[in-house]
Amino acid sequence: MSSMLDDATVQTLRRHWEDGWNRGDLDTSMAPFAPEVVFSSPGISMLTGDPSRTTIEGYDELRTYIEGALRQAGDVRYTCAPRTSVPIVLLYACGLPNGPEKLGADLMCVDGDRRVVEWRCHY
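Heads up: the sequence shown is residues 1233 to 1355, going by this note's numbering.
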């Protein structure tokens, strides 16, 4: 498996956002997801009304969630930025000296020479 996304995958994911969400097309929105998909978002608790719920597991449950989100989205519009680099997300746990372990995710955009041109750390 290559560490770089190919153009076809990038275009499928782009269509997922632009065509699926902007047109309210549930099938296009769901096209990229595997049966065992796990989705985490603070928006889940807002849509479900359960403040403790931030994760959805499985394709069918995600489809139901996205169907509801599309109904409530109204005038929300997505525009994907032109592709000048490939995004990679690294998930990790960081053990702090004498402190708790923190979970994090780093988004890195990699250029054609496989060098990081943007790095965003989330924890």
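Ideal placement from N, C-alpha and C gives every residue a C-beta, glycine not left out.
On a predicted model such as this, the values are computed, not experimentally measured, just so you know.
The three-state reading of DSSP puts S1272 in strand, counting E and B together. Counting other Cβ atoms within 10 Å of its Cβ, G1275 stays below 16 and is therefore classed as exposed. A straight-line Cα-Cα distance of about 20 Å links D1251 and D1292. Taken through DSSP and simplified to helix, strand or coil, R1309 comes out as coil. When C-alpha distances from H1354 are compared across A1337, G1331 and V1348, the shortest belongs to A1337.
A distance below 7 Å separates the beta carbons of Y1310 and W1249. Put simply, of I1298, P1283 and R1255 the residue whose alpha carbon is nearest the alpha carbon of F1271 is I1298.
Assigned with DSSP and collapsed to three states, R1346 falls in coil, not helix or strand.
In the DSSP annotation of this structure, the continuous segment of the alpha helix (DSSP H) that includes A1240 starts and ends at D1239 to R1247. Under the DSSP assignment, L1258 falls in the alpha helix (DSSP H) whose first and last residues are L1258 to M1262.
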